[in-house]
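Engineer: Let me give you the structure first, and then I'll get to my questions.
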């Protein structure tokens, strides 16, 4: 716009000058001894304009030449700045793409070249993040230290450096160091939402449930975190606060909770457990019922069903009201069955447990039915449900029945002593013959007797009544008791310590 105005003014001046020269024609005389120059007025004006233009151009050229070094320095600075921007942009893009090794090379090159403090901080933080993902924690710490030194004097860059370092500490499960880095931002955490989320992560790792509860409320009020995540964190932290506070801190902690927070399952369960431990069953029932009116949760129903006999009537009436709205809830039907059994309502309890079992095969339901049937004298039904309860826990291996054990491999046993040599060595025979491995599961009939072996020096008369006496060696008694025939299908040469050939018994 400015150039257009100047152009219009120049054209107006030119037209005005042309009109003046047309109306006032004359000559211009220039006397400079010994020269005398006479020109027309129009030519003199044109020469003056030309002289002005030439002088202006000369001055501009002179100014351009004198400003050459400055322009050269500016050009070099712009070129370096463009190169820095390209390296920084390339490094960040490669980090986002997961190409951390290539990104670290570009950023290291930028750190060695750039003279800008801001770009050095950004490159240092990006390089630290790339090394963090690569597991190069030493190089990461060096990049963070360089970024921190370059950010001195710039509060915003200092805060950015602290936040990035704290986030990396939390990734390594070092919450105490992260809290030290975030300490300057704790007072202004409501303005820095990302710093607040990092504080929440740190206190979660440190199990500081009070701070987790407070920070979650702040973030939920500002809409920074998802509502479902906020509800879960509030539920977990508030329940932990109740458990840690116990009876002494119950009143203050319970008073801090909102009405909708008190009905969350974990919070209601923790509060009701404290009241039950103090014997305040009515208050525990009210806490349970407020939560179960919103949603029948299985853990709450299981705890609600565990009560003394005097509370059964009230809780049973409440549960029967809930089952009208949730007729196919197995946990609710199971809780009704437990309450009926506590109140000794056997038939009604059996019906509720059977209805629950049709919807879900649960070990506890089978165990309850087994106990109930055992109490009622229905042993077969009790055994059936106890077996089903064991089957729900885990499939048992099928055990073989009436299967003979294989013969023992005695090749690795110590050297055996022949029975015939025992008598000559003077060893006593007063020992108990061990049971063979293959007969370990053999059961004697009542009318079957094992004949006791004769003493080593007894005389055994012949069956025909002759007066001759047959003397037996020490192994004869064992041969009468044990069958010396080979076991079918077993190669005794592979399982016995006896010689394989030419060693028959006498």
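Numbering (this note's numbering), first residue to last: 1251 to 1756. Ideal Cβ placement from N, Cα and C applies to all residues, glycine included.
(1) From this set, 1380, 1475, 1453 and 1605, which residue's C-alpha is nearest residue 1428's C-alpha?
(2) Check whether the Cβ of residue 1343 sits closer than 6 Å to any heavy atom of the ligand HEM, and report yes or no.
(3) Pull up the distance between the alpha-carbon of residue 1376 and that of residue 1363, whole angstroms please.
(4) Can you list, in chain order, the residues of its chain with a C-beta nearer than 8 Å to that of residue 1610? Leave out the 5 residues immediately preceding and following it.
(5) Can you look up residue 1699 in the DSSP assignment and give me helix, strand or coil?
(6) Count the other CB atoms within 10 Å of the CB of residue 1638; is the residue buried (16 or more) or exposed (fewer)?
(7) Identify the continuous beta strand (DSSP E) that holds residue 1277 and give its terminal residues.
(8) Among 1589, 1291, 1433 and 1262, which one has its Cα closest to the Cα of residue 1273?
(9) How would you call residue 1698, buried or exposed, if buried means at least 16 neighbouring beta carbons within 10 angstroms?
(10) Enumerate in chain order the residues of its own chain whose CB-to-CB distance from residue 1535 is below 7 Å, with the five nearest sequence positions on each side excluded.
(11) Kindly indicate the opening and closing residues of the beta strand (DSSP E) around residue 1286.
(12) According to DSSP, is residue 1537 helix, strand or coil?
(13) State the Cα-Cα distance for the pair residue 1372 and residue 1397, rounded to the nearest angstrom.
(14) What did DSSP end up calling residue 1557 once you bin it into helix, strand or coil?
(15) Leaving aside the five residues before and after residue 1417 along the sequence, list all residues of the same chain whose C-beta is less than 7 Å from its C-beta, in chain order.
(16) Could you give the distance in angstroms between the alpha-carbon of residue 1295 and the alpha-carbon of residue 1314?
(17) At the level of alpha carbons, what is the spacing between residue 1317 and residue 1324?
(18) Do you know how far the Cα of residue 1335 is from the Cα of residue 1254?
(19) Pull up the distance between the alpha-carbon of residue 1337 and that of residue 1458, whole angstroms please.
(20) Here's the rule I'm using: 16 or more other beta-carbon atoms within 10 Å means buried, otherwise exposed. How should residue 1261 be labelled?
(21) Of the choices 1507, 1539, 1489 and 1547, whose alpha-carbon is the least far from that of residue 1520?
(22) Using a Cβ-Cβ cutoff of less than 7 Å, which residues in the same chain neighbour residue 1674 once the five nearest sequence positions on both sides are dropped?
(23) Using a Cβ-Cβ cut-off of 6 Å (strictly less than) and excluding sequence neighbours within five positions of residue 1390, which residues of its own chain qualify?
(24) Who are the Cβ neighbours of residue 1374 in its own chain at under 6 Å, not counting the five residues just before and after it?
(25) Does residue 1458 come out as helix, strand or coil in the three-state DSSP assignment?
(26) Since residue 1619 contacts residue 1585 with CB under 8 Å, what's their CB separation in whole angstroms?
(27) Taking only the alpha-carbon atoms, compute the straight-line gap between residue 1327 and residue 1471 and give it to the nearest angstrom.
(28) Rounded to whole angstroms, what is the Cα-Cα separation between residue 1384 and residue 1354?
(29) By Cβ distance below 7 Å, which residues in the same chain neighbour residue 1445 in space, the five residues on each side in sequence not counted?
(30) DSSP on residue 1612, reduced to helix/strand/coil?
(31) Buried or exposed for residue 1462, please, with buried defined as at least 16 other CB atoms from any protein chain shown within 10 angstroms of its CB.
(32) Taking the alpha carbon of residue 1496 as the point to measure from, which residue in 1523, 1608, 1284 and 1515 has its own alpha carbon closest?
(33) On the premise that residue 1443 lies in contact with residue 1481, defined as a C-beta separation below 8 Å, what is that separation, rounded to the nearest angstrom?
(34) With a threshold of 8 Å on Cβ separation, who are the neighbours of residue 1537 within its own chain once the five nearest residues in sequence on each side are excluded?
Structural biologist: A quick look at the data gives this:
(1) 1453
(2) By its list of ligands, the structure shown contains no ligand whatsoever, and the ligand HEM lies outside what it can speak to.
(3) 15 Å
(4) 1580
(5) Interpretation of residue 1699 is limited by its pLDDT of 43, a score under 50 that renders its predicted location unreliable; the figure taken from the coordinates is listed afterwards. Coil.
(6) buried
(7) 1277 to 1282
(8) 1291
(9) At residue 1698 the pLDDT is 41, less than 50, meaning the model places this residue with poor confidence and gives no usable figure here.
(10) 1561, 1564 and 1565
(11) Where residue 1286 is concerned, the enclosing beta strand (DSSP E) starts and stops at 1285 to 1290.
(12) helix
(13) 7 Å
(14) Residue state, collapsed to three classes: coil.
(15) 1448
(16) 29 Å
(17) 11 Å
(18) 37 Å
(19) 42 Å
(20) exposed
(21) 1489
(22) Bear in mind that a pLDDT of 45 at residue 1674, under 50, signals an unreliable position, so the model cannot answer this.
(23) 1378, 1381 and 1382
(24) So the qualifying residues of the chain are 1393, 1396 and 1397.
(25) coil
(26) In fact, because the Cβ distance is near 15 Å, the residues do not count as touching under 8 Å.
(27) Rounded to whole angstroms, the gap between the alpha carbons of residue 1327 and residue 1471 is 48 Å.
(28) 10 Å
(29) 1413, 1432, 1435 and 1439
(30) Assignment of residue 1612 by DSSP, reduced to helix, strand and coil, places it in the coil class.
(31) Result: buried.
(32) Out of 1523, 1608, 1284 and 1515, 1523 has the C-alpha closest to the C-alpha of residue 1496.
(33) Going by Cβ atoms, the distance from residue 1481 to residue 1443 rounds to 19 Å, so no, they are not a contact pair.
(34) 1512, 1518, 1521, 1522 and 1525
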